[in-house]
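Chain order of the listed sequences is A and B. Sequential numbering from 0 applies to the first sequence in numbering that gives the first Met the number 0. Sequential numbering from 0 applies to the second sequence in numbering that gives the first Met the number 0. In this text, a Cβ means the ideal position worked out from N, Cα and C, and glycines have one as well. Take a look at the structure below.
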Amino acid sequence: MRGFGEIAEKLRRSTVQVYADKRRGGGSGVIWKSDGLVVTNAHVARQSKAKVELWDGQTFDAKVVSHDARRDLAALRLARAGELQAVSHGNSTAVRAGELVLAIGSPLGFSGALSTGVVHSVGPVGGMGRQNWIRANVRLAPGNSGGPLANSSGDVIGINTAIVNGLGLAVPSDAVASFLDQGARPSLGVTLRPLSFGLQILELEEGGAADEASLRPGDIIIGSFDSLTESLDSGKDVIRLQFFRDDRSKVREAFVRLRSQAVAA
Amino acid sequence: MANELAAFSNELAVVVARAGQGVVAVHARPRFSSSGVFWRPGIVVTAEHTIRREEEITVTLPDGKNVPATLVGTDPGTDIAVLKVDFAHPPVSKATAEPTPGNIALALGRSEDSGVNATLGIISAVSGSWRTWRGGRLDHYIRLDLTLYPGSSGGLVVNAAGEALGIATSVLSRIAGLAIPASTIDRVVDELLSRGRVSRGYLGVGLQPVELPDHQKGLIVLSLEPEGPAAKAGVLIGDILTTLGGTKVDDTDDIQAVLEKHAVGQSVPAVVSRGGVSQTIAIVIGERPRRD
């Protein structure tokens with residue numbers, strides 16, 4: 000019988016630790032291709048460079064080649080590495096509630112820790128856009144982010160990303176595949192806070208799309224998170240945003256040029 | 000070599016898909032929906048604590064359609080609520096074998112956005128008849144070692160064969176989720192369908208166990224509900240209750256057990272010790288007031 004132990008051991012060899020500075024913690028990652036392509040969460044690889052530590056302790060420098068904050072995915076390429084042991088990719092569209100799953104990662108600094116459970120459900124999560132998530136009742140902790148969620152055959156069906164109400168949330172592997180194919184989705188480069196009638200800009204990324212369009216912190220973009228996501232994903236190069244600044248009786252308009260973020264991986 | 004783990008995983012997913020056909024999402028509170036189960040044709044049961052409004056309740060059916068539901072009645076004591084839905088869905092099949100600690104159990108729920116959901120665990124303890132802190136009585140105490148998430152309450156608890164053991168609730172125990180047993184649900188559904196409520200006997204007294212000088216035990220009356228059944232019968236604060244309905248009582252559980260055997264409106268003799276003198280008072284059992 001092929002048990003949890005055997006599957007976990009194989010998966011452990013394709014799971015890495017990703018960090019900028021080990022003392023300040025980091026997350027996990029998945030060796031997606033044997034040529035040195037590693038997938039992790041965007042919130043794990045925040046800078047343009049990171050260090051990647053393999054299961055056997057070997058450490059490599061890695062470059063962040065693609066970064067999608069909204070889907071919370073990042074692709075890294077290892078600077079120098081031979082043939083690596085990549086994971087086998089599962090079909091996340093075939094995932095059903097009740098299936099057994101395993102998660103490997105480095106929660107709280109424990110390397111290669113295993114947790115098991117079942118798929119709770121598959122679908123969108125309220126307040127987190129329209130994309131599908133795999134929810135699983137596996138116990139996750141900080142440091143699991145970016146690590147693999149695998150099915151009972153050991154195939155990776157998702158990237159563990161968040162914990163909501165105690166449930167593990169994973170980005171499905173088909174979303175990872177389309178992220179690697181198409182690159183990052185365009186981004187405004189803002190931190191938003193939802194209000195009853197719009198989204199208030201708290202922070203602007205310097206040189207980001209919203210910054211270039213002269214939006215300022217405190218401006219309130221009219222609309223919901225979902226409607227904003229929809230216009231960002233519409234495929235247009237320039238989108239029109241309506242917003243309030245100081246005076247809430249006057250609707251202002253800005254045209255934001257979205258930069259294509261696709262970078263050859 | 001055959002992958003037994005994958006086969007087991009597949010069986011679990013099949014059980015969830017099949018048994019999940021009897022599970023609905025219940026929209027009767029703000030923010031989170033809860034889950035409910037087709038217990039009889041057109042009858043959905045759910046956890047009472049998830050019902051926060053009496054009108055404009057809807058349920059999401061397995062096919063994703065939302066239909067209105069009417070509240071037939073609730074029993075806070077056992078945390079059961081019964082809804083009527085104008086939709087003839089076959090009820091879930093119930094387990095014939097008694098659950099045993101160690102048996103695999105799945106809790107199935109449903110949400111409008113992502114359909115059926117499941118968590119896996121085991122039955123961690125089973126015992127006989129158990130009184131909840133809310134005053135109701137469950138035919139069995141079935142403790143679950145599985146995680147119940149917001150929205151899981153009212154969902155279906157099944158064994159590995161996909162047969163219903165009961166419905167899940169997170170509020171009857173502080174340490175674990177429980178399955179409200181199928182036999183209890185049957186009993187409460189019958190009562191709610193015929194009378195719209197489950198009435199429980201009530202004396203309207205606050206009691207504390209004490210030991211008497213002759214080493215007998217009794218319950219001292221610490222508070223009296225004004226105009227309550229005991230107050231009307233002439234019970235005073237400070238009286239020590241020793242016998243109710245012919246049964247010796249030295250614990251509040253004994254009182255509940257006596258009340259359960261007598262109908263509301265029936266008169267029971269109570270022996271109380273007042274100032275060292277024993278006397279018998281007839282108390283007409285009242286009905287426990289509803290929480291809301």
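- Looking only at B:GLY285, B:LEU82, B:ALA178, the smallest Cα-Cα distance to B:ALA232 is reached by B:GLY285.
- Here the region 59 to 76 of chain A does not lie against the region 105 to 116 of chain A, with fewer than 3 beta-carbon pairs under 8 Å apart.
- Your pair B:SER151 and B:HIS139 does not check out as a contact, with CB atoms roughly 20 Å apart and the cut at 8 Å.
- Think of a sphere of 8 Å around the beta carbon of B:SER110: the chain A residues whose beta carbon falls inside it are SER120, GLY122, in chain order.
- Check the Cα spacing between A:PRO171 and each of A:GLY125, A:VAL118, A:PRO141, A:THR14: the tightest is with A:VAL118.
- Look at the beta carbons and you see the region 81 to 96 of chain B touching the region 40 to 60 of chain B: at least three pairs across the two are nearer than 8 Å.
- A contact is defined here as three or more CB-CB pairs under 8 Å, and the region 103 to 114 of chain B fails this definition with respect to the region 127 to 135 of chain B.
- Listed along the chain, the chain B residues whose CB falls inside 7 Å of the CB of A:GLU98 are SER8, LEU11, ALA12.
- One thing to note: A:ASN159 has its Cβ within 8 Å of the Cβ of A:SER144.
- Around the Cβ of B:GLY165, a 10 Å sphere holds 16 or more other Cβ atoms; the residue is buried.
- At least one C-beta of chain B is nearer than 8 Å to the C-beta of A:ASN164.
- Residues of chain B with a Cβ closer than 8 Å to the Cβ of A:ARG95 are, in chain order, ALA12, VAL15, ALA16.
- Here DSSP, grouped into helix, strand and coil, assigns B:ASN9 to helix.
- Per DSSP, B:ARG194 is not a residue of any beta strand (DSSP E); the alpha helix (DSSP H) it occupies stretches across 181 to 194.
- A Cβ-Cβ contact shorter than 8 Å links B:ALA104 with B:GLY120.
- Counting along the chain, B:LYS260 sits inside the alpha helix (DSSP H) bounded by residues 251 to 260.
- Along the region 108 to 119 of chain A, going in chain order, the ones with a CB nearer than 8 Å to a CB of chain B are GLY116, VAL117, VAL118, HIS119.
- Around A:ASN164, the same chain offers no residue with a beta carbon nearer than 7 Å, after the five sequence neighbours per side are excluded.
- Chain A places a beta carbon closer than 8 Å to that of B:VAL115, counting this residue as a contact.
- Judged by beta-carbon spacing, A:ASN150 lies beyond the 8 Å limit of A:VAL86, meaning their Cβ atoms are not closer than that value.
- Annotation: A:PRO171 is outside any alpha helix (DSSP H); the continuous beta strand (DSSP E) that includes it extends over 166 to 171.
- Here A:GLU229 carries a helix assignment [DSSP, helix/strand/coil].
- For B:ALA24, the pairing in a beta bridge is given by DSSP as B:SER34, B:THR59.
- Secondary structure note for A:LEU10: its alpha helix (DSSP H) is the uninterrupted segment 3 to 11.
- In the DSSP assignment, A:GLU211 falls within the alpha helix (DSSP H) that extends over 208 to 211.
- DSSP places B:ALA96 in no beta strand (DSSP E); its state is neither H nor E.
- A:LEU201 sits away from A:ILE220, with the two beta carbons spaced by 8 Å or more.
- Rounded to the nearest whole angstrom, the CA to CA distance from B:PRO212 to B:ARG173 is 37 Å.
- Taken in chain order, the members of the region 138 to 166 of chain A whose beta-carbon sits within less than 8 Å of a beta-carbon on chain B are ASN150, SER151, SER152, ASN164, GLY165, LEU166.
- Put simply, the region 194 to 206 of chain B does not touch the region 47 to 57 of chain B. Fewer than three CB pairs are less than 8 Å apart.
- When DSSP states are grouped into helix, strand and coil, B:GLY205 belongs to the strand group.
- In this structure the region 178 to 197 of chain B does not touch the region 229 to 249 of chain B; the number of beta carbon pairs closer than 8 Å is below three.
- Around the beta carbon of B:ARG51, fewer than 16 other beta carbons lie within 10 angstroms, which makes this residue exposed.
- Ranked by Cα distance from A:ALA49, the first of A:ALA73, A:SER33, A:ASP55, A:LYS32 is A:ALA73.
- Residue state for A:HIS66 is assigned as strand, using DSSP reduced to three classes.
- Across the structure, A:PHE254 and A:ASP180 are spaced so that their CA atoms are roughly 28 Å apart.
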